[in-house]
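Remarks on the structure that follows.
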Amino acid sequence: MYFPISDTTVNPAYLIGLGFIIGILGGFFGVGGSFLAGPALFLIGLRMNFVVGTDLLHIVGKSIVAARKHNALGNIDMRLACIMVVGTIAGSEAGVQAIEALKRATKVDLVVGVATICVLTLMSFFIFLESWQALKLKGSHKPLSQQTSQEKDRRAFKWISKWTQSLNWGPKLALPHSEIKSISVLAILIVSFVGGVCSGFLGGGAGYIRMPFMVYLLGIPTHIAIGTDLFEVVVSASYGSFRHAMNGNVDVLIALIMQTGAAVGAQIGAVLTQYFNGPRIRMAFAPLPLIGAGMVVYGLVTGHHVK
Amino acid sequence: MSFFLELLIYALLVFAYFGLVLHYFTGDLLDMYEHHRRWFAITALALMIGQAVGLEIISSLLFRLLRLKGK
């Protein structure tokens, strides 16, 4: 099928299937799925600036479905989400401006591609190492029904989040839903700003950055990090995709077709989170960014596109 | 059973989108993309949000109906 906006020919079954897989991953891991969708769209011949914008728009639709499902399961910390939205939008704007500067320099494919590979590989390595360590830790002796979210969600490198929570940068607040007594607002804003920059620059909602950041840096329980991240992705990806559409980087027809598959997958993924504990979810997540990195490497090195 | 029924509904909606959005609106969307970028951005976002919420409402209604029948 020919898509005139991006001047590309793609099989719609490929887009629906891709949306379905990404929907399951997104609902389960709380990420937009751009680590997979971006490279998969790049492989079928979509130019990188269209990959970034189209992927963001498709994420808006998919995240709305998954966030509503997580809200029903009580997995969203509204106070945290409202603060993070501010930092994410500011970061997203900075990322979009960086993409525009690169478009003028005509190096957008190479720079975004190499940056994506580096970020995805590092994330994958760290998450694997941490979840492997966390699975070896002894859990609480209390029965599962009496354990708090923090006790169920044991993790290695806990000193990182304890250090972040002890920072006295500006005003501090409590996050009772995430069982955090006190944390700096500025620390939350910095984490969300970095996620926003990645979102605008690399494409997608950047949940592959923000979700691990929320777990490891802020100390949010994995299930709540997933739900809160999805809620925030709805707001930030809406803003990001609007800005990209204004700059001509969005093929709305491709995004709509992908969303039809993602809508089913996101609901299945959200329900699946109830059956796994935090470290196991993170361990399962670890290899996924590497798949995306591998696909970008293939596209950049060979220049081949899969039709 | 209900899952497959849901898939069928989605498949029908996909075909409806192919017919409506791709066939009838492609020209208008392309025109907006080339000449009215702000309207294109608003329409793209509205179409995506509308489709996502619409699909979820339809599937939820369908599940509720199936559960009522099951009881």
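Residue numbers (the numbering used here), protein chains in the order written: chain A, 3 to 309; chain B, 894 to 964.
By construction, the Cβ of each residue, glycine as well, lies at the ideal position given by its N, Cα and C atoms.
With the criterion set as a beta carbon lying under 7 Å from some beta carbon of chain A, the members of the stretch 933-948 of chain B are F933, A934, A937, L938, L940, M941, I942, Q944, A945, V946, L948, in sequence order. Assignment of alpha helix (DSSP H) within the stretch 178-219 of chain A, counting only whole runs of 4 or more residues, yields 187-204, 209-215 in chain order. Contact annotation: A:V54 and A:N251 have beta-carbon atoms nearer than 8 Å. Look at the beta carbons and you see the stretch 13-32 of chain A touching the stretch 253-271 of chain A: at least three pairs across the two are nearer than 8 Å. For A:M50, there are no neighbours in chain B by C-beta distance under 7 Å, as the nearest C-beta there is about 18 Å away. Residue contact check for A:A265 against chain B: a CB pair falls below 8 Å.
Closest by C-alpha distance to A:A100, out of A:G202, A:T304, A:I182, A:P223, is A:G202. Between the stretch 78-95 of chain A and the stretch 275-291 of chain A, the count of Cβ pairs shorter than 8 Å is below three; the stretches do not touch. Using a CB distance below 8 Å, the part of the stretch 57-83 of chain A facing chain B consists of L59, H60, V62, G63, K64, I66, V67, R70, ordered along the chain. Taking A:A288 as the centre and dropping the five residues before and after it, the same chain places the C-beta of S126, I129, F130, S133 closer than 7 Å to its C-beta, in chain order.
Straight through space, the alpha carbons of A:V196 and A:H179 are spaced by roughly 23 Å.
Within 10 angstroms of the beta-carbon of A:V193 lie 16 or more other beta-carbons, which makes it buried. Leaving aside the five residues that flank A:A295 on each side, the residues in its chain whose CB is nearer than 6 Å to its CB run, in chain order, I119, L122, T123. If you draw a 10 Å sphere on the C-beta of B:E927, you find fewer than 16 other C-beta atoms in it, and that means exposed. At a C-beta separation below 7 Å, A:M248 has these neighbours in chain B: R930, R931, A934.
Looking at the DSSP output, A:F5 shares a beta bridge with A:T10. Between the alpha carbons of A:S186 and A:I162 lies a distance of about 14 Å. Residue pairing by DSSP places A:K174 opposite A:S186 in a beta bridge. For A:S238 and A:A83, the gap between their C-alpha atoms comes out near 11 Å.
Per DSSP, reduced to three states, the secondary structure at A:P291 is helical. Per DSSP, reduced to three states, the secondary structure at B:L905 is helical.
Ranked by Cα distance from A:L177, the first of A:S94, A:I85, A:F5, A:F215 is A:I85. DSSP places B:F918 in the coil class of the three-state scheme, outside both helix and strand. At a C-beta separation below 7 Å, B:L923 has these neighbours in chain A: P6, I7. In chain order, V914, L915, T919, L922 make up the part of chain B whose C-beta sits under 8 Å from the C-beta of A:L255. Just so you know, the alpha carbons of B:W932 and B:I950 end up roughly 26 Å apart. Around A:K71, the same chain offers G29, A268, Q269, A272, V273 as residues with beta carbons nearer than 8 Å, after the five sequence neighbours per side are excluded.
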